[in-house]
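According to UniProt numbering, the sequence shown holds residues 1 to 164 in order.
The beta carbon of each residue, even a glycine, is placed where N, CA and C say it ideally should be.
Computed from a predicted model, the values in this text were never measured in an experiment.
A short worksheet on the structure shown next.
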Amino acid sequence: MQKITVIKMLGVVVVGIGIAGRVRIRDLLNPLPNSAVEKLKLMGFVSRRTLGNIEQLKQITLEEALQSDEIQAAIISLENQFHEEYVRKFLDAGKHVCVEFPLALSLAAAYELWDLADLKGKILHVEHIELLSAEYKHLKQQVSGKELMEGSLHFTERSKGLQS
Numbered sequence: 001m002q003k004i005t006v007i008k009m010l011g012v013v014v015v016g017i018g019i020a021g022r023v024r025i026r027d028l029l030n031p032l033p034n035s036a037v038e039k040l041k042l043m044g045f046v047s048r049r050t051l052g053n054i055e056q057l058k059q060i061t062l063e064e065a066l067q068s069d070e071i072q073a074a075i076i077s078l079e080n081q082f083h084e085e086y087v088r089k090f091l092d093a094g095k096h097v098c099v100e101f102p103l104a105l106s107l108a109a110a111y112e113l114w115d116l117a118d119l120k121g122k123i124l125h126v127e128h129i130e131l132l133s134a135e136y137k138h139l140k141q142q143v144s145g146k147e148l149m150e151g152s153l154h155f156t157e158r159s160k161g162l163q164s
């Protein structure tokens, strides 16, 4: 007898339709072959603006996204000051969350969100898209093999690039 494996799709919603949100939608609609993204089913998007459909994708309300049993995860692509609020809403609703850095504007709030994710048994993933940029890769090459004694790295504007 042949064993049949059923792969469950994870319903996901993109929250925020700026540059990052639109890139997320593009990537979710066109996943790389054999990538984990192929297991995600984009169910819609949430925006504070009324936009209608984008790429044949339906705009849904925040309440619909929070209450839908078909949506198990949210990708938060909003302005930084809204991250904490929306991450908390989706975790409280029992959804997994992927959010762009920063998770919150304070360390205390970030710890609260990690604790909430643990309490709910949900995945909370923080991404930092700048770490994928050409500027960061260039900087990483420049410091490879060197010891950083003191300092910090600040990304301020995408368009200016890294100055040598």
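- Inclusion of Val15 and Val46 in the CB contact set at 7 Å is warranted, their separation being smaller than that value.
- The DSSP-derived three-state label of Ala73 is strand.
- Gln72 is not a Cβ neighbour of Leu139, given a cutoff of 7 Å.
- Of Lys89, Leu32, Leu113 and Asn30, the smallest CA-CA separation from Glu64 is found for Lys89.
- Look at the beta carbons and you see the segment 49-60 not touching the segment 106-121: under three pairs across the two are nearer than 8 Å.
- Looking at the DSSP output, Leu10 sits in a beta bridge with Leu40.
- Taking C-beta atoms under 8 Å as the contact rule, Leu103 and Val126 qualify, at a distance of about 5 Å.
- Around the beta carbon of Val143, fewer than 16 other beta carbons sit within 10 angstroms, so the residue counts as exposed.
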